[in-house]
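See below for the structure under consideration.
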Amino acid sequence: MTVTTEPPAFPMRRTCPFNPPPQYAEMRETGAPTRVTLAGGGTAWLITRYEDVKAVLMDPRLSSDRTRPGYPFLTDDAAYLAEVRVFPGMDSPDHQHYRRMFIKEFTARRIRELRPEVERIVAERLDTMERAGGPVDLVTALALPVPSLVIARLLGVPEADRPRFLELTELLLTGRAVPAEGQSADEAEAAAQERGQEAFRELLRFMRELVKAKRAEPTEDLLGRVAAEHVASGALDEWELVITAMLLLFAGYETTANMIALGTAALLSHPDQLALLKDSLAHDDGAILPSAVEELLRHLSIAELATARTALEDMEVGGVLIRAGEGVIPLAAAANRDPAAFADADRLDLRRTPNRHFAFGHGAHQCLAQTLARMELEVVFGALFRRFPDLRLAVPLDEVPFAYDAVLHGAYALPVTW
Ligand code: HEM
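Just so we're aligned: 307 in the working numbering is position 307 of the sequence shown, and the numbers increase by one with no gaps anywhere.
Put into structure tokens, the structure is as follows:
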């Protein structure tokens with residue numbers, strides 16, 4: 001008699017908001033990729049060892065093309081992404097062709113130029129928090145508005161339209177299913193989905209108008225410059241610029257927001273490390289911030305589920321044959337805790353260096369805006385703990401609504417006080 005066992009279900013859920021699910025360490029120790037069942041019914045191979053994740057992310061035999069059969073969408077409802085043809089879902093040469101049009105917007109020099117503006121945005125939010133007095137929800141007070149306003153500035157949303165942009169982006173993520181009086185949980189969920197979809201449609205309209213305006217009158221910002229250079233030359237059409245602007249918003253908003261919220265929660269839960277940060281802010285102008293941000297990115301690996309590939313040919317990884325057409329999920333959160341690559345890998349160590357983690361991916365699709373994300377996080381954590389050195393959670397850690405069910409790790413709310 002043959003006994004067939006169903007591959008385990010994926011995603012596996014975190015049991016602690018800061019640490020990968022315990023199964024990751026077990027899978028990594030076996031050294032071989034593990035086959036899993038996805039929520040939509042398909043299967044995929046999980047890659048967990050540091051060296052294997054690195055090799056897979058560099059390997060041109062693995063495709064990011066969402067339209068290929070076998071691409072491992074985590075859920076059925078994520079499959080609609082296949083219809084949106086933007087460069088993260090393409091392979092080279094198309095991927096390189098389109099990515100190149102945007103690279104100039106994310107150079108170290110451009111990001112340095114943006115820094116004073118980011119500092120101003122953060123300072124204004126902290127002023128508002130201070131006036132309101134604690135306790136406040138750090139997610140709605142700081143984590144969501146900062147990345148939204150930074151993206152608005154990056155794209156070139158006119159000052160007068162930023163409050164509307166902020167409102168719409170917040171509706172995308174905060175339309176949570178809290179049942180109203182007399183409403184069932186299902187009704188509340190449907191209403192929340194409807195609010196999110198309406199906000200999405202509105203944002204798309206907003207972006208179309210914005211791109212049209214930049215075409216008519218290019219300004220000194222991302223959309224203005226790309227419109228003047230690539231849309232004017234015919235290399236990109238207006239609609240492609242609209243959906244790329246939407247992509248930049250989607251790629252950069254919730255990720256950075258979640259790093260702000262989860263990063264703050266992690267710091268507040270590691271008093272020895274928080275003391276190092278505060279000491280550095282007081283004595284050497286926050287010299288520890290770059291390595292602290294790097295370590296929080298590694299330790300929390302909030303976007304570990306955002307990286308998926310399909311094998312284009314039969315190939316061997318960790319002694320296992322992966323066949324052409326099968327899905328492959330390189331798990332940054334497992335690789336970033338691999339003891340073969342990081343000493344004391346499960347420890348949060350803000351002074352860790354070197355720190356060659358995969359929180360931004362690796363290889364051709366590595367995060368286009370990682371310099372921007374790092375800068376935002378340095379500004380936020382520096383300013384937050386300078387302004388509120390006594391910041392603390394306003395509820396016990398186990399009462400914080402962490403987003404255990406989400407694709408990006410974060411928190412739905414983070415009540416803090418000072
Ligand atoms: C790609 C993480 C912030 C834009 C990626 C990938 C990861 C990632 C893991 C690789 C996906 C893959 O290999 O398939 C993060 C994290 C962020 C962050 C953790 C914040 C802490 C941002 C921001 C933006 C952005 C602020 C833009 C404003 C992009 C784009 C890609 C990307 C355009 C696709 C690159 C390509 O396929 O060539 N990001 N990201 N990200 N990210 Fe980020």
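Quick reminder that beta carbons are idealized off the backbone N, C-alpha and C, glycines included. Here the structure is a predicted model, which is why all the values come from computation and not from measurement.
For the beta strand (DSSP E) containing residue i, list its first residue and its last residue.
| i | result |
| --- | --- |
| E229 | Neither: E229 is in no beta strand (DSSP E) and is coded neither H nor E. |
| E295 | No beta strand (DSSP E) contains E295, which is instead part of the alpha helix (DSSP H) from 289-300. |
| L46 | 43-47 |
| R109 | Counting along the chain, R109 falls outside any beta strand (DSSP E), though it belongs to the alpha helix (DSSP H) covering 108-132. |
| G234 | Here G234 belongs to no beta strand (DSSP E), and DSSP marks it neither H nor E. |
| M207 | Segment 185-216 is the alpha helix (DSSP H) holding M207; no beta strand (DSSP E) there. |
| V416 | 415-417 |
| V53 | Where V53 is concerned, there is no enclosing beta strand (DSSP E), although the alpha helix (DSSP H) it sits in stretches over 50-58. |
| P330 | 327-330 |
| T37 | 34-38 |
| M375 | Element bounds for M375: not the beta strand (DSSP E) but the alpha helix (DSSP H), 370-387. |
Below 8 angstroms on the Cβ atoms is my guess for residue i versus residue j; work out the distance and round it to an integer in Å.
| i | j | result |
| --- | --- | --- |
| T169 | S148 | 4 angstroms |
| A257 | G410 | 7 angstroms |
| E254 | L142 | Actually they do not touch by this definition, with Cβ atoms about 14 angstroms apart. |
For residue i, verify whether its CB is less than 6 angstroms away from any heavy atom of the ligand HEM.
| i | result |
| --- | --- |
| M246 | no |
| A406 | no |
| F360 | yes |
| P88 | yes |
| A303 | yes |
| M259 | yes |
| R125 | no |
| T256 | yes |
| H365 | yes |
| R425 | The shown model of the chain, from 1 to 418, leaves out residue 425, and the question about it has no answer. |
| L368 | yes |
| A373 | yes |
| G134 | no |
Answer with buried or exposed for residue i, where buried requires no fewer than 16 other C-beta atoms within 10 angstroms of its C-beta.
| i | result |
| --- | --- |
| V150 | buried |
| I103 | exposed |
| E240 | buried |
| A373 | buried |
| D91 | buried |
| H365 | buried |
| S233 | exposed |
| V84 | exposed |
| A452 | Nothing can be reported for residue 452: it is not among the residues displayed for the chain, which extend from 1 to 418. |
Could you spell out where the alpha helix (DSSP H) holding residue i opens and where it closes?
| i | result |
| --- | --- |
| E26 | 23-30 |
Does the beta carbon of residue i come closer than 7 angstroms to any beta carbon on chain B?
| i | result |
| --- | --- |
| F342 | The chain labelled as chain B is not found in the depicted structure, where only one protein chain is given. |
* Asked: Just checking, does the region 335-348 make contact with the region 47-57 on the three C-beta pairs under 8 angstroms criterion?
  -> yes
* Check whether the region 59-77 touches the region 303-316, counting contact only when three or more Cβ pairs, one atom from each stretch, lie closer than 8 angstroms. => yes
* Would you call the region 105-115 and the region 389-401 in contact, with 3 or more CB pairs under 8 angstroms? -> no
* Does the pairing of the region 35-46 with the region 7-21 give three or more beta-carbon distances under 8 angstroms? -> yes
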